[in-house]
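Have a look at the structure below before the remarks.
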Amino acid sequence: MLCASATTFASTITSEKVSANMNVYLTVLKACTVSVSDMNFGSQFSNSGEQTTDATASVTCTQGTNYKLTADAANEYMLEDNSGNKVSYALYTDQAGKIPMTTGTAETGTGSAQQVKIYGKIAANTLKQAPAGVYKDTVSILVDY
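Every letter in the sequence shown is one number past the one before it in the numbering used here, and letter 79, counting from 1, is 79.
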């Protein structure tokens, strides 16, 4: 008689693992953006005297980025009408009118929009020589970072 015997072998598959490290990099570059509201001295009579107003620059710079907000101008700012008549004015970083915008204001970026006031002034006697009309100027507001 023949006897068959069955033997069951449990088979286990083993897996091997190997690993490697992957370095991940990011370089954050400093950047700034600026937008500015219009400055409007309104409607004034020629005998109105000194006029002041302000505008707001919104500056967004990368957190920790030092920047300086200035305005371009050779020596002075001039509003001009369609006939070429001019009215001089000045721009300042402070309400007292001591620090000209050409000098600028230094700030440090927070990563969020920062509101910076720009103050404008027309000297008292300036309007007396100005013919009636609509006067306009365009000034570039600069962010140096």
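Even for Gly, the Cβ is constructed at its ideal location relative to N, Cα and C.
If you compare the alpha carbons of Glu16, Ile99, Thr33 and Lys86 with that of Cys61, the shortest gap goes to Thr33. The C-beta of Ala71 has 16 or more other C-beta atoms within 10 Å across all chains shown, which makes the residue buried. Secondary structure at Lys30: coil, using DSSP grouped into helix, strand and coil. Gln115 is bridged by DSSP to Ser58.
Only buried fits Met101, as 16 or more other CB atoms lie within 10 angstroms of its CB. Classified as buried, Ile122 has 16 or more neighbouring CB atoms from the shown chains inside 10 Å of its CB. Annotation for Lys117: Asp54 and Thr56 place their beta carbon closer than 7 Å to its own, counting only its chain and skipping 5 residues before and after. The C-beta distance from Leu79 to Tyr135 rounds to 4 Å, short enough to fall under 8 Å.
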